[in-house]
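Taken in order, these protein sequences are the chains called W and H.
Anchor point for the first sequence: position 152 equals 259 in my numbering, and the numbering is continuous, going up by one each time.
Anchor point for the second sequence: position 85 equals 431 in my numbering, and the numbering is continuous, going up by one each time.
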Amino acid sequence: MIWAALALAIGVPIAFAAASEQLAWRGPVYILAGFAGIVALGLVLVQPLLIGGYLPGLSAYRGRRVHHWIGGALALAVVIHVAGLWITSPPDMIDALTFSSPTPFSPFGVIAMWAIFAVALLALLRRRLGLRLRTWRIVHLPLAIVIVAASVVHCLLIEGTMETISKAALCAAVLAATIKVMADLWRKRALRGERISN
Amino acid sequence: MTIVVLSRRNLLAAGGAVLATGVLTAGVSGLLLPARADGLAPTESMSGGANNYRKGAPVVDRIGKGGFWMSGTVRRAGDGAPLAGQRIQIWAHTVEGQEHEPQSHGATLTGKDGAFRLEMPQIIPIFGQPHGHLAYDSGEFKTVFLRPIMRSAKETSLEAHFVLQPA
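So, in C-alpha cells, the structure goes:
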C-alpha cells in the first residue's frame, strides 16, 4: 500500500511532465536537466520514508543502507540538473549560482543544492572525521529540513513541464514524510530521555 | 482597552495591502505623469536582461512565423518626449527556437510616437518563467536591457517600455 502510494506520488508527476507540450520546444539536454530535477524531488520523498522505516519489507539496517545510496543518487541528480541547465543557458545558470537571478525560485534551488552537497560530503567523511551519531544528527537534521523546505519552494515557484496538481501533491508528500520522521525522532528521544532520568 | 491581535494572517494581509498600495501608486503615477518636466526617471536594466544577447540583430518585419506581439514605447528621460527611429532588439525562447539561437533574434524601429511593435513566434517558459528580452544598444543613449515576464504562458503579447538617458 505504501509502496504503491510512493510509486504513484513519484510516477504520476513524471508521467504528466513527460506528456507536457513544453518538451516539443526544448533540446535534449534541457529536457534531461528538467527531469533530473523532478527525479531529485522524488528522491527527497524517498529519503525520510527510508530512514523512518515506513517502507514495509525493508529492515532498519537495509533502510539505512538504501538511504545512503539514494543520498548519493540525489547528489548526482542535482549535478545533472545544474550541468544540463548550464549547458542550455550559461548566463542564466551563472545568475542563479551567484544569487543574482531575476527568478524568485533560483536561490531556493541553489540553497538546497549546497545543503545536499554538504550532507553527501559529510556522510562520505563521517567515519574519517570520527563524527559520533549524535553529532552527525545535529548536523544532518537541520540540513535535511533546509533541503526539503528549499526544494519544495523551488519546485512550486517554477513554471515548467510539471503539471500543477501532481507537482503540489508530490511536494505535500515530501513535507508530510519529513514532518512525520522528525516527529517520530523527537518522540523517541523524549522517551529515551525519560528512561535515562528515571 | 483595545487588544491588538497579531496573527500571521493579519500580518500577511497588512503586508499585502502595503505592497498593493506601493504597486498601485507606482503604476498610477507612471500612467498619469508621463511628461512631467524633470521627473521621468530613466529605465534601469533588469537583472538577467542581457542573457543570451547577440550584438547587431537585423531589423526585420517579423521574427520567424510570428503569432505573438511584442510592443512598447521609447521615451527620453526627463521630459518624456517620444523617441522616433530608435532600434530595439528583441529575443526570447519561442516555439521556433531557443534564446541563444540567431533565428530567435530580431530588431525593429520606433515610429514617430516612440512606439514599437514586432511580431514574433509564441514565447514559451524557459528557466521557469515565460519571459522576453529587449535591448536598446545603439549608443546614442545609455544601453538598457529589459526582461519582462508574461503573467501567463498562454498570453500572446507582451509589453516593455524604455526611458533612455544620454550616454
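Glycine included, every Cβ here is placed at the ideal spot set by N, Cα and C.
Review point. What number of angstroms, rounded off, separates the C-alpha of residue 407/H from the C-alpha of residue 496/H?
Key: Taking C-alpha positions only, residue 407/H is separated from residue 496/H by approximately 23 Å.
Practice item. State the DSSP-derived secondary structure class of residue 267/W, mapped to helix, strand or coil. Key: The DSSP-derived three-state label of residue 267/W is coil.
Point to revise | Range of the contiguous beta strand (DSSP E) that encloses residue 482/H | key: Element bounds for residue 482/H: 478-482.
Practice item. Kindly indicate which three-state DSSP category residue 224/W falls into: helix, strand or coil? Key: For residue 224/W, the three-state secondary structure derived from DSSP is helix.
Exercise for review: Could you confirm whether any beta carbon from chain H is found closer than 8 Å to the beta carbon of residue 144/W?
Suggested key: For residue 144/W, not one C-beta of chain H is nearer than 8 Å to its own C-beta.
Review point. By Cβ distance, which residues of its chain are closer than 8 Å to residue 217/W, with the 5 residues on each side in sequence left out?
Key: 203, 204 and 206, listed in sequence order.
Review point. With DSSP run on the structure shown, which of helix, strand or coil describes residue 441/H?
Key: If DSSP states are grouped into helix, strand and coil, residue 441/H belongs with coil.
Check your understanding: What separation, rounded to the nearest whole angstrom, lies between the Cα atoms of residue 386/H and residue 483/H?
Key -> Taking the straight line from one Cα to the other gives about 20 Å.
Practice item. May I have a chain-ordered list of the beta strand (DSSP E) segments no shorter than 3 residues that lie completely inside the region 445-476 of chain H? Key: Along the length of the region 445-476 of chain H, whole beta strand (DSSP E) runs at least 3 residues long occupy 451-455 and 461-466, reported in chain order.
Exercise for review: Could you pull out every residue in the same chain whose Cβ sits closer than 6 Å to the Cβ of residue 317/H, ignoring the five residues on either side in sequence?
Suggested key: Outside the shown range of chain H, which is 347 to 513, sits residue 317/H, and nothing can be said about it.
Review point. Excluding sequence positions up to five away, which residues of its chain have a Cβ less than 7 Å from the Cβ of residue 291/W?
Key: Cβ neighbours of residue 291/W beyond the five flanking positions: 159.
Review point. Is the Cβ-Cβ distance between residue 257/W and residue 215/W less than 8 Å?
Key: It is a contact, given that the beta carbons lie within the stated cut-off.
Review point. Are any of the Cβ atoms in chain A nearer than 8 Å to that of residue 123/W?
Key: Annotation note: the requested chain A is absent from the structure, which comprises protein chains W and H.
Review point. Where does residue 245/W land, buried or exposed, given buried means 16+ other C-beta within 10 angstroms?
Key: Residue 245/W is classed as exposed because its beta carbon has fewer than 16 other beta carbons within 10 Å across all chains shown.
Check your understanding: Taking the DSSP output, what are the residues bridged to residue 492/H?
Key -> Bridge partners of residue 492/H: 480/H.
Point to revise | Reference residue 200/W, options 458/H, 473/H and 424/H, closest by Cα | key: Nearest of 458/H, 473/H and 424/H to residue 200/W, Cα basis: 473/H.
**Study point:** Residues in the region 463-494 of chain H having any Cβ partner in chain W nearer than 7 Å
**Key:** Hits within the stretch, in order: 470, 471, 473, 474, 475, 476 and 493.
Check your understanding: So residue 543/H and residue 464/H are in contact, right, with Cβ under 8 Å, and what is the actual spacing, rounded?
Key -> Any property of residue 543/H remains undetermined from this structure, which presents chain H solely from 347 to 513.
Point to revise | For residue 506/H: DSSP bridge partner residues | key: For residue 506/H, which the question treats as bridged, DSSP gives the partners 418/H.
**Study point:** Those residues which DSSP pairs with residue 433/H across a bridge
**Key:** DSSP output for residue 433/H lists 455/H as bridge partner(s).
Check your understanding: Taking all protein chains shown into account, do 16 or more other C-beta atoms lie within 10 angstroms of the C-beta of residue 421/H, making it buried, or fewer, making it exposed?
Key -> Residue 421/H is buried by the Cβ-count criterion.
Practice item. Return the residues of the region 115-140 of chain W that lie within a Cβ-Cβ distance of less than 7 Å from chain H, sorted by chain order. Key: Those would be 129, 132 and 134, in chain order.
Point to revise | CB-CB length for residue 282/W against residue 260/W, believed under 8 Å | key: The beta-carbon distance between residue 282/W and residue 260/W, rounded to whole angstroms, is 11 Å. This is too long to meet the 8 Å contact definition.
Exercise for review: Please confirm if the region 222-231 of chain W is in contact with the region 245-255 of chain W, defined as three or more CB-CB distances below 8 Å between the two stretches.
Suggested key: Taking a contact to require three or more Cβ pairs closer than 8 Å, the region 222-231 of chain W and the region 245-255 of chain W qualify as touching.
Check your understanding: Can you tell me whether DSSP reads residue 428/H as helix, strand or coil?
Key -> In this structure, residue 428/H counts as strand in the three-state DSSP scheme.
Review point. So which residues of chain W does residue 509/H contact, with C-beta pairs closer than 9 Å?
Key: Neighbours of residue 509/H on chain W: none; closest Cβ ~19 Å, over 9 Å.
Review point. Taking the alpha-carbon positions, what's the residue 390/H to residue 409/H distance?
Key: Straight-line Cα distance between these residues: approximately 26 Å.
Point to revise | Presumed contact (8 Å Cβ cut-off) between residue 112/W and residue 269/W, rounded CB distance | key: No, residue 112/W and residue 269/W are not in contact; Cβ-Cβ is about 19 Å, not under 8 Å.
Exercise for review: Taking the CB atoms as reference points, tell me whether residue 178/W and residue 140/W lie closer together than 8 Å.
Suggested key: Not a contact, by the Cβ cut-off of 8 Å.
Practice item. Following the continuous alpha helix (DSSP H) through residue 120/W, name the residue where it begins and the one where it ends. Key: Taken as a continuous stretch (DSSP letters only), the alpha helix (DSSP H) holding residue 120/W covers 109-125.
Review point. Just by C-beta distance, which residues in the region 389-420 of chain H are closer than 9 Å to chain W?
Key: Answer set for the region 389-420 of chain H: 392, 393, 394, 395, 396, 397, 398 and 399.
**Study point:** For residue 395/H, the first and last residue of its enclosing alpha helix (DSSP H)
**Key:** First-last for residue 395/H: undefined, no H or E at that position.
Point to revise | 4 or more residues per run - each alpha helix (DSSP H) lying fully within the region 113-192 of chain W | key: Under the rule that a run must span 4 or more residues, the alpha helix (DSSP H) segments found entirely inside the region 113-192 of chain W read 135-159.
Practice item. Quick one: which residues of the region 253-271 of chain W get their C-beta closer than 8 Å to a C-beta of chain H? List them in chain order. Key: Taking 8 Å as the Cβ-Cβ cut-off against chain H, the residues of the region 253-271 of chain W that qualify are 264, 265, 266 and 267.
**Study point:** C-alpha distance - residue 284/W paired with residue 267/W, whole-angstrom precision
**Key:** Here the alpha carbon of residue 284/W sits roughly 25 Å from the alpha carbon of residue 267/W.
**Study point:** Cα-Cα separation between residue 504/H and residue 194/W, rounded to whole angstroms
**Key:** About 27 Å.
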